[in-house]
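Notes follow the structure.
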Amino acid sequence: MAKALPKRSENYSEWYNEIVKRADLAENSAVRGCMVIKPYGFAIWEKMQRALDDMFKATGHQNAYFPLFVPKSFLEKEEEHAEGFAKECAVVTHYRLKTDGKGGLMVDPNAKLDEELIIRPTSETVIWNAYKGWIQSWRDLPLLINQWCNIVRWEMRTRIFLRTAEFLWQEGHTAHATEQEAVEETERMLGVYADFVENWMALPVIQGVKTPGERFAGAVETYCIEGLMQDGKALQCGTSHFLGQNFSKSFDVQFVNKENQLEYPWATSWGVSTRLMGALIMGHSDDNGLVLPPKLAPFQVVIVPIHKSPEDLAKISEKVDPIINELKAAGVSVKYDDNDNQRSGWKFAEYELRGVPIRLGLGMRDLEAGTVEVARRDTLSKESRPIDGIVDHIKILLGEIQQNIYNKAMAFREANTFPVDTWDGFKEQIEKGGFILAHWDGTAETEEKIKNETKATIRCIPLNSIEESGTCVYSGKESAKRVLFARAY
RNA sequence: CGGGGCGUAGCACAGCCUGGUAGUGCGCACGGUUUGGGACCGUGAGGCCGCAAGUUCGAAUCUUGCCGCCCCGACCA
Numbered sequence: 014m015a016k017a018l019p020k021r022s023e024n025y026s027e028w029y030n031e032i033v034k035r036a037d038l039a040e041n042s043a044v045r046g047c048m049v050i051k052p053y054g055f056a057i058w059e060k061m062q063r064a065l066d067d068m069f070k071a072t073g074h075q076n077a078y079f080p081l082f083v084p085k086s087f088l089e090k091e092e093e094h095a096e097g098f099a100k101e102c103a104v105v106t107h108y109r110l111k112t113d114g115k116g117g118l119m120v121d122p123n124a125k126l127d128e129e130l131i132i133r134p135t136s137e138t139v140i141w142n143a144y145k146g147w148i149q150s151w152r153d154l155p156l157l158i159n160q161w162c163n164i165v166r167w168e169m170r171t172r173i174f175l176r177t178a179e180f181l182w183q184e185g186h187t188a189h190a191t192e193q194e195a196v197e198e199t200e201r202m203l204g205v206y207a208d209f210v211e212n213w214m215a216l217p218v219i220q221g222v223k224t225p226g227e228r229f230a231g232a233v234e235t236y237c238i239e240g241l242m243q244d245g246k247a248l249q250c251g252t253s254h255f256l257g258q259n260f261s262k263s264f265d266v267q268f269v270n271k272e273n274q275l276e277y278p279w280a281t282s283w284g285v286s287t288r289l290m291g292a293l294i295m296g297h298s299d300d301n302g303l304v305l306p307p308k309l310a311p312f313q314v315v316i317v318p319i320h321k322s323p324e325d326l327a328k329i330s331e332k333v334d335p336i337i338n339e340l341k342a343a344g345v346s347v348k349y350d351d352n353d354n355q356r357s358g359w360k361f362a363e364y365e366l367r368g369v370p371i372r373l374g375l376g377m378r379d380l381e382a383g384t385v386e387v388a389r390r391d392t393l394s395k396e397s398r399p400i401d402g403i404v405d406h407i408k409i410l411l412g413e414i415q416q417n418i419y420n421k422a423m424a425f426r427e428a429n430t431f432p433v434d435t436w437d438g439f440k441e442q443i444e445k446g447g448f449i450l451a452h453w454d455g456t457a458e459t460e461e462k463i464k465n466e467t468k469a470t471i472r473c474i475p476l477n478s479i480e481e482s483g484t485c486v487y488s489g490k491e492s493a494k495r496v497l498f499a500r501a502y
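Counting the first sequence from 1 gives a position; my numbering is that position plus 13.
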């Protein structure tokens with residue numbers, strides 16, 4: 014019998030780790046805190062990349078690539094930025110090894126770098142150093158650049174996909190002639206992220222602004238999208254920063270405006286990472302394994318033959334071939350698993366674990382009846398349907414599944430979002446999990462105290478929050494709107 | 001960095017207390033019987049028992065040191 018997954022209700026983090034492993038998404042590597050993303054997991058990431066990249070291009074951005082190494086002197090230039098990242102940087106101090114005479118290798122003490130190189134934790138500094146040479150005139154603006162790369166943040170404690178020492182991401186870095194234009198860009202890209210996470214990943218998110226305490230180091234304003242995971246914890250799914258003129262000033266980048274005056278350009282940066290893989294897993298999956306939205310599944314349909322003899326298999330394959338061709342022609346990705354290593358029952362369980370949205374089962378009974386068994390991963394329901402018209406049915410079904418898992422996630426979020434008006438109520442609810450909408454007096458002191466007493470942080474000040482006067486849930490002082498609290502990953 | 005757990009076959013683990021030829025299940029290879037929700041029988045391959053030193057006639061097992069990983073906390077996308 015199957016080795017069942019741990020249940021979400023019993024041990025959520027073990028359930029998560031097991032899904033990652035058993036669905037063959039990724040594994041821990043020999044290097045502390047770093048993961049190996051396996052082909053099935055990487056295929057999902059590639060689909061995310063493709064969709065996002067298309068969206069970036071559609072909003073006028075171009076891809077480029079900047080170095081992995083950041084000279085220490087660059088990182089120092091923007092003070093807050095330097096402070097914020099200093100304690101999680103990997104540093105290269107030497108450029109050569111030599112044999113140690115005992116069959117091993119040692120760092121060559123004669124090969125010390127004059128200036129240490131930091132493995133990029135983010136690229137604002139190298140990029141703005143380069144922009145100095147790219148920007149002279151208002152005609153060079155806006156400069157809309159994105160890069161896909163890996164970065165390193167030396168985390169004390171890591172969790173696969175959610176927080177790894179090395180991770181993959183994209184980082185957009187733009188320069189604008191006016192403050193307003195840069196703010197618009199920051200908001201536009203937040204919207205792109207929200208659009209992607211909701212429409213591709215099928216996860217509803219709250220768009221908002223971070224409090225000063227939660228702001229990106231070096232930013233004037235940080236916008237974010239926040240998702241709610243099934244264990245009631247929040248996950249920041251993407252951030253978009255308005256950087257003001259902090260980096261243009263630090264790197265002395267200026268442009269000549271239409272009036273022939275020198276000005277500092279206004280900057281933004283924005284990123285999403287392989288952490289989204291974690292959001293995808295925790296947002297939809299169940300005790301049977303992964304549940305993938307059709308738009309991001311490596312293959313949307315798997316066809317499993319059910320046969321007793323090679324002759325039967327040949328007959329089934331003959332029937333399956335045109336279905337595969339028709340599906341492909343319709344833009345549906347499909348895998349036909351005629352592998353005879355495993356039997357059909359094993360395959361059913363396996364593809365369920367891997368979250369394939371639709372499974373077609375085809376046996377001799379179906380050949381006689383002209384039917385096929387259609388199983389949905391999201392509802393675990395099965396029905397027998399005529400082969401005629403099956404491709405049209407699947408096209409519709411894929412859309413339904415995409416919508417259904419979004420609706421489920423939305424219903425979950427709604428059922429787990431609570432307006433709270435008293436401190437006792439706050440403390441009680443935070444233990445149960447979920448999003449809490451509560452009034453806050455706007456001070457860092459209160460934010461800090463709430464965090465220390467309950468481990469809840471202000472995830473964001475939602476963009477769509479309505480003006481509603483009330484009193485701070487902690488201090489009792491006046492407040493104009495509710496903010497979003499939760500315990501977070 | 002604290003607290004806990006664990007390193008034995010590709011994977012999951014037993015054996016260790018009480019030293020004496022390294023085992024079980026899954027997976028893998030081959031043969032056969034099977035096949036509508038994780039099949040069964042038979043045969044077989046596969047191990048520096050995390051690394052190093054020590055104790056001993058003899059160490060997976062005892063001692064010391066080191067390394068690594070996972071989980072729980074403080075920091076973070």
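For each residue, glycine too, the CB sits at the ideal point set by N, CA and C.
Inter-residue Cα distance where the pair is residue i and residue j
i      : j      : result
Ile418 : Asp127 : 55 Å
Thr235 : Asp437 : 30 Å
Ala15  : Ile407 : Unreliable positioning characterises Ala15 in this predicted model, as indicated by a pLDDT of 42, which lies under 50. The coordinate reading is nonetheless provided below. Their backbone Cα atoms lie some 29 Å apart in a straight line.
Asp434 : Phe498 : 12 Å
Glu200 : Ser253 : 7 Å
Val33  : Gly412 : 25 Å
Ile238 : Tyr502 : 13 Å
Glu481 : Ile148 : 44 Å
Ala469 : Glu31  : 27 Å
Ala362 : Ile403 : 23 Å
Pro432 : Ser478 : 12 Å
Gly344 : Asp334 : 16 Å
Gly374 : Ala422 : 28 Å
Glu179 : Lys490 : 43 Å
Tyr25  : Arg172 : 13 Å
Lys246 : Pro475 : 17 Å
Lys321 : Trp182 : 47 Å
Pair within 9 Å by beta-carbon distance, residue i and residue j
i      : j      : result
His452 : Val496 : yes
Lys125 : Leu118 : no
Arg166 : Glu91  : no
Val304 : Asp391 : yes
Ile132 : Phe82  : yes
His297 : Pro307 : no
Ile400 : Lys332 : yes
Gln193 : Phe79  : no
Ile463 : Leu309 : no
Ala39  : Val49  : yes
Cys250 : Val205 : no
Glu137 : Leu256 : yes
Ala292 : Met242 : yes
Asn142 : Phe229 : no
Ser150 : Phe268 : yes
Counted within 10 angstroms of its Cβ, other Cβ atoms place residue i as buried (16 or more) or exposed
i      : result
Lys70  : exposed
Gln518 : The structure shown does not extend to residue 518, since the chain spans only 14 to 502, so no value can be given for it.
Gly73  : exposed
Ile409 : exposed
Pro278 : buried
Glu184 : buried
Lys360 : buried
Ala10  : With the chain covering only 14 through 502, there is no way to say anything about residue 10.
Gln75  : exposed
Helix, strand or coil at residue i [DSSP, three-state]
i      : result
Lys395 : strand
Ala99  : helix
Arg21  : coil
Trp58  : helix
Val104 : strand
Asn123 : helix
Asp299 : strand
His406 : helix
Trp436 : helix
Ala501 : strand
Ala207 : helix
Leu366 : helix
Leu275 : strand
Any non-hydrogen atom of the ligand NAP within 8 Å of residue i CB
i      : result
Glu460 : The ligand NAP is not part of the structure shown, which contains no ligands of any sort.
The stretch 341-359 / the stretch 439-449 touching (three or more Cβ pairs under 8 Å): no
Validate contact between the stretch 266-286 and the stretch 190-200 using beta carbons, cut 8 Å, 3 pairs: yes
The stretch 367-384 touching the stretch 309-316, judged by at least three CB pairs closer than 8 Å: yes
At least three beta-carbon pairs within less than 8 Å, the stretch 174-192 to the stretch 136-156: Touching, per the Cβ criterion.
Stretch-stretch touch, CB-based, cutoff 8 Å, three pairs: the stretch 257-274 with the stretch 216-229: No: fewer than three Cβ pairs fall under 8 Å.
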